[in-house]
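Engineer:
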Amino acid sequence: MDMNLQVEGLAFHFDTRSVFAGFSATLGPGITWLRGANGRGKTTLLKLMAGALAPHAGAIRMDGVDSERDALAYRSASFYCGGETPDLPWLTAQEFLDLHLALYPAAEAQALDAQLAAFGIRDVLPQAVSTLSLGQHKKLQLALALALPVKLLLIDEPFNGLDAAAMAYLRAQLAQRAAAPSSCIVLTSHLDPQLPVARTLDLDVATLPAQTVFF
Amino acid sequence: MAHPYIRFRIRLAQHALKQFAASLKSSAQILLLVFAQVLVGLFALIALPPMYAASLALPFALPLLAAHALLMTVPMLLLRKRVLPQDVVRWLHALPVPPRVQLRADALVAAMLAGPLALAYAASGAIWLAQRPDWLLPARGVLGALLSFLLTWACSTAVLTLRARRPPASGRWQHRLRAAPPRYAPRTWRPRTLFLWHRLYWLPFWRAENVVGWQQCVLLLGALACAVAWMMAPPGVPRGALDLCASALLVLLTDRGDKAVREQADLLRPASAGWPLAPRALEPYARAFALAPALLVLLVLFCAGAPHGAWDRSAGKLYLALACGAQLALVALPAAGARTRVGLVVAAIVLLTAVGSELWI
Numbered sequence: 001m002d003m004n005l006q007v008e009g010l011a012f013h014f015d016t017r018s019v020f021a022g023f024s025a026t027l028g029p030g031i032t033w034l035r036g037a038n039g040r041g042k043t044t045l046l047k048l049m050a051g052a053l054a055p056h057a058g059a060i061r062m063d064g065v066d067s068e069r070d071a072l073a074y075r076s077a078s079f080y081c082g083g084e085t086p087d088l089p090w091l092t093a094q095e096f097l098d099l100h101l102a103l104y105p106a107a108e109a110q111a112l113d114a115q116l117a118a119f120g121i122r123d124v125l126p127q128a129v130s131t132l133s134l135g136q137h138k139k140l141q142l143a144l145a146l147a148l149p150v151k152l153l154l155i156d157e158p159f160n161g162l163d164a165a166a167m168a169y170l171r172a173q174l175a176q177r178a179a180a181p182s183s184c185i186v187l188t189s190h191l192d193p194q195l196p197v198a199r200t201l202d203l204d205v206a207t208l209p210a211q212t213v214f215f
Numbered sequence: 216m217a218h219p220y221i222r223f224r225i226r227l228a229q230h231a232l233k234q235f236a237a238s239l240k241s242s243a244q245i246l247l248l249v250f251a252q253v254l255v256g257l258f259a260l261i262a263l264p265p266m267y268a269a270s271l272a273l274p275f276a277l278p279l280l281a282a283h284a285l286l287m288t289v290p291m292l293l294l295r296k297r298v299l300p301q302d303v304v305r306w307l308h309a310l311p312v313p314p315r316v317q318l319r320a321d322a323l324v325a326a327m328l329a330g331p332l333a334l335a336y337a338a339s340g341a342i343w344l345a346q347r348p349d350w351l352l353p354a355r356g357v358l359g360a361l362l363s364f365l366l367t368w369a370c371s372t373a374v375l376t377l378r379a380r381r382p383p384a385s386g387r388w389q390h391r392l393r394a395a396p397p398r399y400a401p402r403t404w405r406p407r408t409l410f411l412w413h414r415l416y417w418l419p420f421w422r423a424e425n426v427v428g429w430q431q432c433v434l435l436l437g438a439l440a441c442a443v444a445w446m447m448a449p450p451g452v453p454r455g456a457l458d459l460c461a462s463a464l465l466v467l468l469t470d471r472g473d474k475a476v477r478e479q480a481d482l483l484r485p486a487s488a489g490w491p492l493a494p495r496a497l498e499p500y501a502r503a504f505a506l507a508p509a510l511l512v513l514l515v516l517f518c519a520g521a522p523h524g525a526w527d528r529s530a531g532k533l534y535l536a537l538a539c540g541a542q543l544a545l546v547a548l549p550a551a552g553a554r555t556r557v558g559l560v561v562a563a564i565v566l567l568t569a570v571g572s573e574l575w576i
């Protein structure tokens, strides 16, 4: 069965400004390229889709699982990969990965090890995450993201800070994963991701009030 | 006109001090209400050690003056992270600021922090000059107080300079010498809740700039020592003082631990919001664990007092019940204002000390 992500009448605002008002969209399997100018709400939408932020109105459902009502089931099937500063700066890279493996019990250590080897970052495992370079930190997050058995993968600026070899590897991995009908990948990128994109969601157009976007 | 870097550092220090003062505002009212006389007494005495040291021969005077100056530097040492946060220190490293300007900025900020101390020295010095005790040599006394203050200022400047020049790497706690493993092998254990608690509510208190782990160790050792001494009643130490210290440290141990856990929970909230983990899955366990050190102290207190029959009488039983009740109240009460919290802590200490004083009557 094809994966389906529905965003219905989404409203969200920060203290100082409104980001979404009545935003709706339907996403299916494959890669969705989320575009928009700075400040249009790309990262906010990714976090809302990941269940990390709660919508003020509206609903987000993944295969019928509501991001708020069935929060744990929803989050077990999604992963947000983003942020360029470590959220848990007191952990080493090894401890950071251990923590996520404990949070996603279905994840396999061998798959994660293979991703770490492919990104060439096994040697950073004993290091504090706060001492990793931007590229190393990005690779660590991507290795984890690609190893987790989640249906919805949300990646914020996946190519930032990556070297050429890592970019090529990531493109191959995302294309391979996107081919599965049960997998949905949403990524933001200011540049053409050079991937087989199934759909493009442009927030410069789509965040107008009560705008509904179908793809 | 001052160098922009100096103006920035002074503004940063002013902002930090305003924030610190705001955080103290509510609790300071209660502390002043309860301990006003003690605080006034301490302020009156602040210039006594250097003035007394100045009346001694030089070999005795200099170590005393230095020790007093170092002691007066402790508040600056504790404030350094507020005045120079770590992210600001990292950013400062990239600025093209000449060392001389950096040193001037450190000295000016240190003077700003030490300013209230100078006022306290002046007031206290005036009191002692007016009192004119026999040992006081007025001119040397004033010079002694001045020298001690200058030493404090120099030490404070050094503290800030060292902080500002600190290497940018913040992971000094990491296992630098441990070789990278040939492959990733997870190091998790069961039960999962214990594992997650260890990663999210234990490790952060020992690493990077967090000193809560060591602070709790010091409080725990102090509480244990005072509790045993209170029950053993060593000669020369008033039992009432030991009662006060043991009761206060017992309450502070849980108060500080619970506060650290609540702050850590707030810190984790944005990161953990997207995790497949119930929002309150770990916090109750972490809060309950904050009780453990105080319960250990109570157990030791009970064991040390039992042979002396301390708990046979109603005052003893009341003390134990109040001590347990106060710990539970501190941990179980929902987040209250700072004033309520300090009120609860002060009331618990006063009540416990009062009941404790009845144990040996």
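Residue numbers (my numbering), protein chains in the order written: chain A, 1 to 215; chain B, 216 to 576.
For each residue, glycine too, the CB sits at the ideal point set by N, CA and C.
Bear in mind the structure is a predicted one, so any value in this text is a computation, not a measurement.
(1) Return helix, strand or coil for W417 of chain B, following the three-state DSSP convention.
(2) Roughly how many angstroms separate the alpha carbons of L271 of chain B and H230 of chain B, rounded to a whole number?
(3) Look up W578 of chain B in the DSSP assignment and say whether it is helix, strand or coil.
(4) Would R69 of chain A count as contacting chain B if we go by Cβ distances under 8 Å?
(5) Restricting to Cα atoms, I'd like to know which of B:A333, B:P522, B:A530, B:A360 is closest to L344 of chain B.
(6) Please work out which residues of its chain come closer than 6 Å, Cβ to Cβ, to Y104 of chain A, disregarding the five sequence neighbours upstream and downstream, and give them in chain order.
(7) Looking only at C-alpha atoms, which of A:L48, A:D2, A:G58 sits nearest to A21 of chain A?
(8) Three-state secondary structure (DSSP) at L5 of chain A?
(9) Locate the alpha helix (DSSP H) running through V579 of chain B, then write down its first and last residues.
(10) Can you find a C-beta in chain B that's less than 8 Å from the C-beta of L10 of chain A?
(11) Mind pulling the chain B residues with CB within less than 8 Å of Y80 of chain A?
(12) Among the candidates B:W350, B:L415, B:L277, whose CA atom is the shortest distance from the CA of L99 of chain A?
(13) Where does H13 of chain A fall in DSSP's three states?
(14) Applying a beta-carbon distance threshold of less than 7 Å, which residues of chain B neighbour A109 of chain A?
(15) Under three-state DSSP, which class holds P209 of chain A?
(16) Counting C-beta neighbours from all protein chains within 10 Å, is the total for F215 of chain A 16 or more, i.e. buried, or is it exposed?
(17) Does DSSP put A505 of chain B in a helix, in a strand, or in coil?
(18) Between L411 of chain B and R556 of chain B, what straight-line distance do the alpha-carbon atoms span, to the nearest angstrom?
(19) For a contact meaning CB atoms closer than 8 Å, what does R122 of chain A contact in chain B?
(20) Can the beta-carbon of G455 of chain B be found less than 8 Å from the beta-carbon of S339 of chain B?
(21) Any C-beta of chain A within less than 8 Å: which residues of the segment 547-558 of chain B qualify?
(22) Taking the continuous alpha helix (DSSP H) assigned at T44 of chain A, which residues delimit it?
(23) Closer than 7 Å between beta carbons: that is the criterion. Which residues of the segment 502-513 of chain B meet it against chain A?
(24) List, in order along the chain, the chain A residues whose C-beta lies closer than 7 Å to that of A486 of chain B?
(25) Across the segment 508-522 of chain B and the segment 193-204 of chain A, are there enough close Cβ pairs to call them in contact, namely three or more that are closer than 8 Å?
(26) Can a CB atom of chain C be found closer than 8 Å to the CB of F410 of chain B?
(27) Are the Cβ atoms of L72 of chain A and V186 of chain A separated by less than 8 Å?
(28) Look at the alpha carbon of L144 of chain A and the alpha carbon of W429 of chain B, and state the distance between them as a whole number of angstroms.
(29) Under a CB-based cut-off of 8 Å, is L247 of chain B close to chain A?
(30) Can you pull the chain B neighbours of E95 of chain A, defined as C-beta to C-beta under 9 Å?
(31) Can a CB atom of chain B be found closer than 8 Å to the CB of Q75 of chain A?
(32) Going by DSSP in three states, F215 of chain A sits in which element: helix, strand or coil?
(33) Of all the CB atoms in chain A, is at least one closer than 8 Å to the CB of H218 of chain B?
(34) Using a Cβ-Cβ cutoff of less than 7 Å, which residues in the same chain neighbour A545 of chain B once the five nearest sequence positions on both sides are dropped?
(35) Any chance you could list the alpha helix (DSSP H) runs of at least 4 consecutive residues sitting entirely within the segment 82-136 of chain A, in chain order?
(36) Using three-state DSSP, classify G489 of chain B as helix, strand or coil.
Structural biologist: For this structure:
(1) helix
(2) 42 Å
(3) Since the first residue of chain B shown is 216 and the last is 576, residue 578 of chain B is not available in this structure.
(4) no
(5) B:A360
(6) L148
(7) A:G58
(8) strand
(9) With chain B covering only 216 through 576, there is no way to say anything about residue 579 of chain B.
(10) no
(11) G489
(12) B:L415
(13) strand
(14) Y399, A400, P401
(15) Caution applies to P209 of chain A, whose pLDDT of 45 falls short of 50 and renders its modelled position unreliable; the value that the coordinates give is listed next. Residue state, collapsed to three classes: coil.
(16) Below a pLDDT of 50, predicted positions are generally treated as unreliable, and F215 of chain A, at 46, falls in that range; the measurement from the model is reported next regardless. With fewer than 16 other Cβ atoms within 10 Å, it is exposed.
(17) coil
(18) 28 Å
(19) A395, P396, P397, R398, Y399
(20) no
(21) none
(22) 42-50
(23) none
(24) D87, L88
(25) no
(26) In the structure shown, chain C does not exist; the protein chains are A and B.
(27) no
(28) 33 Å
(29) no
(30) R402, R414, L418
(31) It should be pointed out that residue 75 of chain A corresponds to Arg in this sequence rather than to Gln. Chain B contact via Cβ: present.
(32) Confidence at F215 of chain A is low in this model, with a pLDDT of 46, below 50, so its placement is unreliable and the value that follows should be read with caution. F215 of chain A: coil per DSSP, three-state reduction.
(33) no
(34) Note on residue identity: the sequence assigns Leu, not Ala, to residue 545 of chain B. Correct list, in chain order: T469, D470, D473, L559.
(35) 93-103, 109-119
(36) coil
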